[in-house]
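Working notes for the structure below.
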Amino acid sequence: MTKVLTSYGRPLTKLRVSILDACNFSCIYCMPEHRAFDKSDNYLSPEEIGAIVGNLIPFGVEEVRLTGGEPTLRHDLISIVEKLSTLSLRKISMTTNAFQLWNFLPALAQGPCRSLNISLDSIEQTNFKKITNYDGLHRVLDTIERARSLDFKVKINMVVMKDLNHHEINNFVRFAEREKIEVRFLEVMNIGVVRARFQKWYYSGHEILRQIENEFALSVVPSSADSTAQNFVTANGARIGLIASESMPFCGNCSRLRLSSRGILRACLMKEGGRDLRGVPFEEYGPLLHEVAALKPVARIKDIHEPMFQIGG
Ligand code: SAM
Ligand code: SF4
0 MTKVLTSYGR PLTKLRVSIL DACNFSCIYC MPEHRAFDKS DNYLSPEEIG AIVGNLIPFG
60 VEEVRLTGGE PTLRHDLISI VEKLSTLSLR KISMTTNAFQ LWNFLPALAQ GPCRSLNISL
120 DSIEQTNFKK ITNYDGLHRV LDTIERARSL DFKVKINMVV MKDLNHHEIN NFVRFAEREK
180 IEVRFLEVMN IGVVRARFQK WYYSGHEILR QIENEFALSV VPSSADSTAQ NFVTANGARI
240 GLIASESMPF CGNCSRLRLS SRGILRACLM KEGGRDLRGV PFEEYGPLLH EVAALKPVAR
300 IKDIHEPMFQ IGG
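Be aware that the sequence shown starts at 0, since it is given in numbering that gives the first Met the number 0, and climbs by one per residue.
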């Protein structure tokens, strides 16, 4: 089976799998005021996820990241990971807000999903609540500690917004140094509810780096060609990442596909549409995948009205 290439010649090796759209948090940059989630009957079952991912592997998919919505709200999360664990994937990881992660950790620790990207936009209790609409900072911090004690590889993702949490950037660098944990700063993206407030909230990657470099000396660490992050290390050895999707987009090097919680294979976060893979026999995957690959944009699409929790972040 041949790998499917984008028009810019990259194999599509990474797959984000959204396993539901529902979430317990209501992050101000992600959830609209009036939110409506899909019926859980519509979500792909563990068997369907296993079958679709298994069918994508011969075409080049090597890595899977589970996301949502909030993946830890799926009571069958461990069954999903078990289905994936039978496939020949190089890496299985998950993005989570970590609030409900605690009870899953012992079972997850027995399997292949050992890399966790944990979203943490504030380490101040009141600001955490303001951003997520959930009073959960201490539980998230305790869960991060427990995950690390169980040898999970944990990275922290902080979405930076002007006048909401940009004052916390250097506290996050200190947190990274103290806890010896990698922290990645994300530019807020012009998606869903952000579109009405983008100019107000946007804090560029350059501003983020300038703020850090006022206090810390950063050295560049080389990253892989399809990495979304620019990586740095502080003089004290803290690993810092910058994901500047708005000001320094990486579309021309992107190797990602996205599978929605209903089974739609999508070419790009910013591009609507895709191809429905639910119930599709393996023989039909080749042409469908070429159609999806052809949808991959080479240049950054300005914005999208669909919210991130529905697309799968
Ligand atoms: N609920 C999980 C979480 O928050 O980690 C997984 C899904 S969430 C949609 C995935 C990632 O997308 C999170 O790191 C979140 O901060 C990020 N995100 C959501 N909306 C965003 C936006 N408009 N700009 C930048 N990042 C965003
Ligand atoms: Fe939920 Fe994640 Fe969206 Fe926050 S960013 S509302 S935790 S899906």
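For each residue, glycine too, the CB sits at the ideal point set by N, CA and C.
From a predicted model like this one, the values you see are computed outputs, not experimental measurements.
Boundaries (first-last residue) of the alpha helix (DSSP H) holding residue i
i, result
"Leu136", "136–148"
"Arg209", "204–212"
"Arg73", "First-last for Arg73: undefined, no H or E at that position."
"Phe249", "Unbroken run through Phe249: none, as it is neither H nor E."
"Thr131", "124–131"
"Phe174", "168–178"
"Leu119", "Here Leu119 belongs to no alpha helix (DSSP H), and DSSP marks it neither H nor E."
"Leu104", "104–108"
Simplified DSSP assignment, three categories, for residue i
i, result
"Arg15", "strand"
"Lys152", "strand"
"Val3", "coil"
"Asp302", "coil"
"Pro31", "coil"
"Arg9", "coil"
"Phe36", "coil"
"Phe215", "coil"
"Met157", "strand"
"Leu258", "strand"
"Asn54", "helix"
"Ser84", "helix"
"Asn41", "helix"
"Gly59", "coil"
"Gly49", "helix"
Extent of the continuous beta strand (DSSP E) to which residue i belongs
i, result
"Ile91", "90–95"
"Arg194", "Segment: none, Arg194 is in no beta strand (DSSP E) and carries neither H nor E."
"Leu65", "62–66"
Those residues which DSSP pairs with residue i across a bridge
i, result
"Gln344", "Residue 344 cannot be examined here, being either before or after the span of the chain that is shown, 0 to 312."
"Asn230", "Val220, Gly240"
"Ser114", "Ser92, Lys152"
"Glu186", "Val159"
"Glu181", "Lys154"
Go through the region 264–310 residue by residue and report every complete run of the alpha helix (DSSP H) that reaches 4 residues or more, in order.
284–293, 307–310
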